[in-house]
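**Student:** Sequential numbering of the sequence shown, starting at 0, is according to numbering that gives the first Met the number 0. Note that the Cβ used here is the ideal one computed from N, Cα and C, for glycine as well. All values derive from a computational prediction rather than experimental measurement.
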Amino acid sequence: MAELIRGLPGAALRNCLLLAVEFGAIWLLRGPGGSWIPVLLAVFVVGAAVPHGTGAEFVARTSVALLAVAVVVAGGIAWDQHTLHDRGREERAVVAERAAAQGGSASAPSLRLRTEAGRDLPGRVEQDLPVGARLTVTVDPDGPAWAVGARPDRPLWPTAGTAALLLLQTAFVGRLSLRPRG
0 MAELIRGLPG AALRNCLLLA VEFGAIWLLR GPGGSWIPVL LAVFVVGAAV
50 PHGTGAEFVA RTSVALLAVA VVVAGGIAWD QHTLHDRGRE ERAVVAERAA
100 AQGGSASAPS LRLRTEAGRD LPGRVEQDLP VGARLTVTVD PDGPAWAVGA
150 RPDRPLWPTA GTAALLLLQT AFVGRLSLRP RG
């Protein structure tokens, strides 16, 4: 019992550190124009380093790191959908530029959108529309989040998925931190 009590501060610290890094990553990845690869790579590295001092082996460290990346991806999707549901405003957007994005063996069109109010939307849309075409987008007036289409419904499933991943991650990091070392 005494060893369990001695391990509690370390478990809490590891979990809080990982949660802080995940929150920061989600905040950095708001909207469709975020730098996903470097941020998720950093989250993976921190996630693999968090079990340091617990005696966790490669598989356990990799599992924590993959859970952390999954939390960031699910949390980013849930945050954007929640923001657009609560504050989103439907607007008309115009295709301002059309480019051919190289993806695999074939090139697909990539569109850059501008709202009728003159705001350039960060990120690109993978649709085949001519320059000057109009479509409906939902835009967060205070931030970078936006999506093609009407205002989304309340994001129940992305939020529930993020909560389930957080619960699993907290239990796993706690288990790694509190297991007896032998």
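Quick one: using the 10 Å Cβ neighbour count with 16 as the cut-off for buried, is R91 buried or exposed?
**Tutor:** exposed
**Student:** Can at least three beta-carbon pairs, one atom from the region 162 to 171 and one from the region 65 to 72, be found at a separation below 8 Å?
**Tutor:** The region 162 to 171 vs the region 65 to 72: in contact.
**Student:** Give me whichever residues DSSP pairs with S191 in a beta bridge.
**Tutor:** What the structure shows of the chain is the stretch from 0 to 181, and residue 191 is not part of that stretch, so it cannot be assessed.
**Student:** Per DSSP, V138 is paired with what?
**Tutor:** R88 and W145
**Student:** Do the region 141 to 159 and the region 68 to 83 make contact, defined as three or more Cβ pairs closer than 8 Å?
**Tutor:** Yes, the region 141 to 159 touches the region 68 to 83.
**Student:** Answer yes or no: do V93 and L110 have a C-beta to C-beta separation smaller than 8 Å?
**Tutor:** Going by C-beta atoms, V93 is not nearer than 8 Å to L110.
**Student:** Quick one: Cα of R118 to Cα of L83, how far?
**Tutor:** 17 Å
**Student:** When the Cα of T158 is compared with those of F22, P143, V172 and A73, which residue comes out closest?
**Tutor:** Taking only the C-alpha atoms, the option nearest T158 is A73.
**Student:** Would the region 10 to 21 count as touching the region 40 to 60 if we require 3 or more Cβ pairs under 8 Å?
**Tutor:** yes
**Student:** Hey, how far is the Cα of E2 from the Cα of P140?
**Tutor:** 52 Å
**Student:** Let me check one thing: in DSSP terms, what residues is D152 bridge-paired to?
**Tutor:** Bridge partners of D152: none, in fact.
**Student:** Does E89 pass the burial test, meaning 16 or more other C-beta atoms within 10 Å, or should it be called exposed?
**Tutor:** exposed
**Student:** Whole angstroms is fine: what's the gap from R5's alpha carbon to V172's?
**Tutor:** Here the C-alpha atom of R5 lies approximately 15 Å from the C-alpha atom of V172.
**Student:** For A11 versus L177, is the C-beta spacing smaller than 8 Å?
**Tutor:** no
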